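S.K.: For the sequence shown, the working numbering begins at 45 and goes up steadily by one.
For glycine and all other residues, C-beta sits at the position ideal for the given N, C-alpha and C.
All values derive from a computational prediction rather than experimental measurement.
Below is the structure I would like to discuss, written out as structure tokens.
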Amino acid sequence: MSRRANYVVAYEATERGREAIELGVALARLTDSELRICLVLPQSTSVPAKVPNSAADFVGIVAQQAQLWLDEAAAFVPADVDASTHLLWAESTSEGLIEAATSFDSDRIVVGAARTGILRRFTIGSVANALLHASPVPVALAPRGYRAPEQISRITCAIGTRPGWQALLDSMVAISEDLEVELRFVTLVEVDAGSSRPVSSDAHLLTVLDYFSEREKTRGILSTEVAEGPSVEAAVEALGWRDDEIAFVGSSRLASPSRIFLGTTANRMLHSLPVPLIVVPNDAV
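Right under this line is the structure:
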């Protein structure tokens with residue numbers, strides 16, 4: 045019997061936590077996966093040995109409140125999605141989430157955007173930033189105000205030309221297996237006014253399409269697109285986006301093996317991207 049995928053969802057009792065759950069729900073529906081909704085409390089508030097009763101009472105109150113927040117989180121999950129809640133203690137939220145992903149053998153960690161984002165755009169908070177430099181599994185980022193569609197209908201994969209793009213394609217093969225979903229492969233090109241895009245962009249996308257077509261088992265439509273603009277942000281905005289879509293991007297080549305490091309292009313994409321983004325480690329499969 046094959047293992048059922050599961051995703052760690054970073055929860056807090058804020059809109060950011062709700063948005064993380066909404067993205068978790070969307071991904072769970074797409075891949076028939078389970079959610080592990082995790083609330084991480086600072087290790088400094090846990091109970092050390094031989095503490096005064098007052099300290100133990102305080103910790104108990106904190107844990108009780110955290111469990112109430114988790115109960116509220118569970119209520120956000122629709123009946124068609126399987127989910128469990130987990131109260132964790134760790135030195136930092138990001139450390140606790142990574143430990144949970146390892147313990148649960150999770151396929152992704154899902155987080156929400158920081159609250160300074162506007163117009164459904166991303167702002168990376170401290171937890172997401174830490175995960176994007178250390179997570180051993182893909183990190184899924186929900187934009188501000190995100191709500192889960194009934195079903196994700198298209199996945200867009202932003203493909204660069206530098207070595208390592210095959211790992212991103214392998215991740216796409218894994219998530220899209222047997223799904224009836226559209227797959228779009230795009231390359232972002234910065235083009236100055238009056239100049240034309242390099243021919244190599246189109247040629248590379250054909251190489252990408254050949255690589256994926258030899259391995260994929262999806263039943264959806266495949267397409268390619270070169271997005272042009274005077275900046276990465278403008279190129280992203282030039283693409284048409286759907287409310288029921290997610291995007292994939294690979295980790296920077298500077299990342300350590302099996303770890304994420306958000307590259308410059310991906311970071312600039314976030315400024316204009318209106319849909320969830322999944323960042324894949326540089327040798328994820």
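For residue 143, which residues from the same chain have a beta carbon less than 8 Å from its beta carbon, with the 5 sequence-adjacent residues on both sides left out?
M.R.: 132 and 134
S.K.: Going residue by residue through the segment 217-278, where are the continuous alpha helix (DSSP H) segments of at least 4 residues, counting only ones entirely within it?
M.R.: 243-257
S.K.: Quick test of the definition: if touching needs 3 or more C-beta pairs under 8 Å, does the segment 253-260 touch the segment 277-297?
M.R.: Touching, no.
S.K.: Do the segment 116-124 and the segment 60-69 meet, that is, are 3 or more Cβ pairs less than 8 Å apart?
M.R.: yes
S.K.: Provide the residue(s) that pair with residue 156 in DSSP beta bridges, ordered along the chain.
M.R.: 186
S.K.: What residue from 62, 199 and 211 has the CA that sits closest to residue 325's CA?
M.R.: 211
S.K.: With a CB to CB cut of under 6 Å and the five nearest residues on each side skipped, what residues in its chain are close to residue 285?
M.R.: 318 and 319
S.K.: What's the C-alpha gap between residue 264 and residue 214?
M.R.: Distance between the alpha carbons of residue 264 and residue 214 is about 17 Å.
S.K.: Leaving aside the five residues before and after residue 197 along the sequence, list all residues of the same chain whose C-beta is less than 8 Å from its C-beta, in chain order.
M.R.: So the qualifying residues of the chain are 225, 226, 286, 288 and 289.
S.K.: If we ignore side chains and look at the alpha-carbon of each, how far apart do residue 233 and residue 199 end up?
M.R.: 20 Å
S.K.: From the DSSP output, in three-state form, read off residue 290 for me.
M.R.: It is a strand residue.
S.K.: Just curious, the beta strand (DSSP E) that residue 200 is in, first and last residue?
M.R.: Looking at the DSSP string, the run of the beta strand (DSSP E) that includes residue 200 is 198-202.
S.K.: Excluding the 5 residues flanking residue 126 on each side, which residues of the same chain have their C-beta closer than 8 Å to its C-beta?
M.R.: These residues qualify, in order along the chain: 72, 78 and 79.
S.K.: For residue 171, report the span of its alpha helix (DSSP H) as first-last.
M.R.: 170-178
S.K.: Tell me whether the beta-carbon of residue 84 lies closer than 7 Å to the beta-carbon of residue 154.
M.R.: no
S.K.: Return yes when the Cβ of residue 322 is within less than 7 Å of the Cβ of residue 182, no when it is not.
M.R.: Pairing residue 182 with residue 322 gives a Cβ-Cβ distance under 7 Å.
S.K.: For residue 63, count neighbouring Cβ atoms within 10 angstroms of its own Cβ and tell me buried if that reaches 16, exposed if not.
M.R.: The residue is buried, with at least 16 neighbouring Cβ atoms inside 10 Å.
S.K.: Could you tell me which residues DSSP puts in a beta bridge with residue 52?
M.R.: Partner residues in the beta bridge of residue 52, as assigned by DSSP, are 80 and 153.
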